[in-house]
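Here our numbering = 1-based position in the sequence shown + 294.
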Amino acid sequence: MKKRLGHIFLVDDNHDMRFYLSDMLILLGYTVDSFDNATTFLEQSMDISPAVVLLDMRMPGLNGLELQAKLDALGRKTPIIFISGESNKDEIIEAFRLGAVDFLLKPFNREKLCEVVDKALNMDRQRNQEFINTDALRRSFATLSAREQEIFVLIVQGLTNKGIGEVTGIQPGTAKKHRATIYQKFEVNTSAELISQCKGVELSSLMPVQTLMEH
295 MKKRLGHIFL VDDNHDMRFY LSDMLILLGY TVDSFDNATT FLEQSMDISP
345 AVVLLDMRMP GLNGLELQAK LDALGRKTPI IFISGESNKD EIIEAFRLGA
395 VDFLLKPFNR EKLCEVVDKA LNMDRQRNQE FINTDALRRS FATLSAREQE
445 IFVLIVQGLT NKGIGEVTGI QPGTAKKHRA TIYQKFEVNT SAELISQCKG
495 VELSSLMPVQ TLMEH
């Protein structure tokens with residue numbers, strides 16, 4: 295049997311369902327924390343990755359949609375898969391609008407559950423890696439001087455030293471020296487490597503809020 299990796303937060307007020315799903319998922323190789331209500335989940339769960347939330351829709355207290363909205367407000371991006379015995383069309387539409395990965399109606403088979411769980415875990419791994427990459431870029435960017443930050447953006451846009459000189463008013467030789475410093479701080483040897491590091495990253499996200507306000 296394929297050993298699966300990843301953590302599952304199971305939130306369902308039905309004791310039998312929690313017991314059955316937890317036991318099955320642990321046997322498959324996942325780690326599982328189960329909760330019988332949304333409030334307990336919010337109070338006790340930790341934001342880890344890769345993880346997925348298996349979330350019941352109808353529960354006492356906060357329902358699934360309300361928990362989904364609270365997690366979004368808290369900035370917790372763990373993917374959510376709804377599991378529900380009874381949900382209307384509007385609830386399903388709202389769940390997807392708020393970013394749910396999938397919506398499984400009970401009863402569902404093990405193969406389908408594992409398929410969507412693995413899909414969600416892979417999404418979370420990718421999201422977490424992108425966060426790590428962006429954070430590393432942000433740290434390196436913060437070591438640059440204001441002039442170097444300006445030239446960094448132009449390098450990523452593909453400008454040559456001559457082009458940078460035309461935009462900034464500095465000599466191409468000076469631009470070349472700044473470029474070498476930037477390469478050193480980002481631990482790259484070419485502009486292609488630097489551009490590759492920045493692929494998929496919004497450059498404005500690297501800049502401090504104060505800098506953005508000045509622009």
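Using N, Cα and C, we set each Cβ at its ideal position, and we do this for glycine too.
Our two residues, C492 and T475, have alpha carbons roughly 17 angstroms apart in a direct line. When the five nearest sequence neighbours on each side are left out, the beta carbons in the same chain lying within less than 7 angstroms of the beta carbon of E388 are those of L359, in order along the chain. T325 is bridged by DSSP to H301. Taking C-beta separations shorter than 6 angstroms and ignoring five residues to either side along the sequence, the partners of I386 in its chain run F397, following chain order.
For F446, the enclosing alpha helix (DSSP H) stretches over residues A440 to V450. Taking the Cα positions, A469 is about 48 angstroms away from F390. Beta-bridge partners of V495 (DSSP): none assigned. In this model, M340 and L368 are separated by some 12 angstroms (Cα to Cα). The alpha carbon of L448 has as its nearest neighbour, out of T462, T437 and S439, the alpha carbon of T462. For V410, the uninterrupted alpha helix (DSSP H) run begins and ends at R404 to A436, by DSSP. Using a C-beta cut-off of 8 angstroms, the segment 298-306 makes contact with the segment 321-341, since at least three inter-stretch Cβ pairs fall below that distance. Beta-bridge pairing by DSSP links V346 to I302. When beta bridges are read from the DSSP output, F397 appears opposite F376. The Cβ atoms of F480 and S434 lie closer than 7 angstroms to each other. Around the beta carbon of N455, a 10 Å sphere encloses 16 or more other beta carbons of the protein chains shown; the residue is thus reported as buried. Here I320 is actually not in contact with L348; their C-beta atoms are around 13 angstroms apart, not less than 8 angstroms.
Per the coordinates, the alpha-carbon of I458 lies some 40 angstroms from the alpha-carbon of N416.
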